[in-house]
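Okay, structure first, notes after.
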Amino acid sequence: MNDNVQNMVGLSVILALFLSACYFTLGLTGRINAALHETSPVVAGQKRSVYETLMQSRPDRYSGPQALMLASDQMKAGVRIWVDGVPIASVEPLELAGKSIFQSNAGYRAEYIRNVNGLLEEIRFAKLMPGEDDL
64 MNDNVQNMVG LSVILALFLS ACYFTLGLTG RINAALHETS PVVAGQKRSV YETLMQSRPD
124 RYSGPQALML ASDQMKAGVR IWVDGVPIAS VEPLELAGKS IFQSNAGYRA EYIRNVNGLL
184 EEIRFAKLMP GEDDL
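Residue numbers 64 to 198, in the working numbering, belong to the letters of the sequence shown in order.
Structure below.
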């Protein structure tokens, strides 16, 4: 009978440790879900997500008209725009097109600058050289 009691105590300890581990895992899962729920509004509607930054990717490339529209949309949202190292102050697409900031037959590479919270602060456009990959 002494062996049976020892086996039952061992089984009870194993069962208690297993249930404690399950409860601890459930708490961690809740924290992960809460963290993902809080970060989803930050990355919603942005071009790059957390997953894409973990992988090596090449920069986004746009044609001149696409870069013009992207710049005017993002400037309305308060994002600073730079084209070939020059800051852009105009918000209206017609005014940007009239100043010939973006060339319609050229390709542009966009670099996204984000703050610590992941919010988009500025976009830097650089004209593609003739030997670089086109769209």
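By construction, the Cβ of each residue, glycine as well, lies at the ideal position given by its N, Cα and C atoms.
All figures in this text were calculated on a predicted structure; none of them were measured in a lab.
Sort the options by Cα distance to residue i and report the nearest one.
i, options, result
"V179", "T102, G141, A140 and I151", "T102"
"W145", "Q129, V68 and I164", "I164"
"Q166", "V76, M192 and Q137", "M192"
"Y175", "A169, A189 and L82", "A189"
"G194", "G181, G170 and R177", "G170"
"R172", "R94, A98, A84 and S126", "S126"
Helix or strand or just coil, what does DSSP make of residue i?
i, result
"S126", "strand"
"I164", "coil"
"V179", "coil"
"M132", "helix"
"M19", "Outside the shown range of the chain, which is 64 to 198, sits residue 19, and nothing can be said about it."
"M71", "helix"
"G194", "coil"
"A169", "coil"
"D66", "helix"
Under the DSSP definition of a beta bridge, which residues are partnered with residue i?
i, result
"E174", "R187"
"P150", "W145"
To which residues of the same chain is residue i closer than 8 Å at the C-beta, ignoring the five residues directly before and after it?
i, result
"S120", "Any reading at S120 must be qualified, since the residue scores a pLDDT of 48, below 50, and its modelled position is unreliable; no value is offered."
"D147", "F188, A189 and K190"
Leaving aside the five residues before and after residue i along the sequence, list all residues of the same chain whose C-beta is less than 7 Å from its C-beta, in chain order.
i, result
"P128", "S167"
Under 7 Å: does the beta carbon of residue i sit that close to some heavy atom of the ligand FMN?
i, result
"R177", "Absent from the structure shown: the ligand FMN. Ligands present: none."
Specify whether the stretch 182 to 197 and the stretch 126 to 143 touch according to this definition: at least 3 beta carbon pairs, one from each stretch, less than 8 Å apart.
Counting Cβ pairs under 8 Å, three or more are found: they touch.
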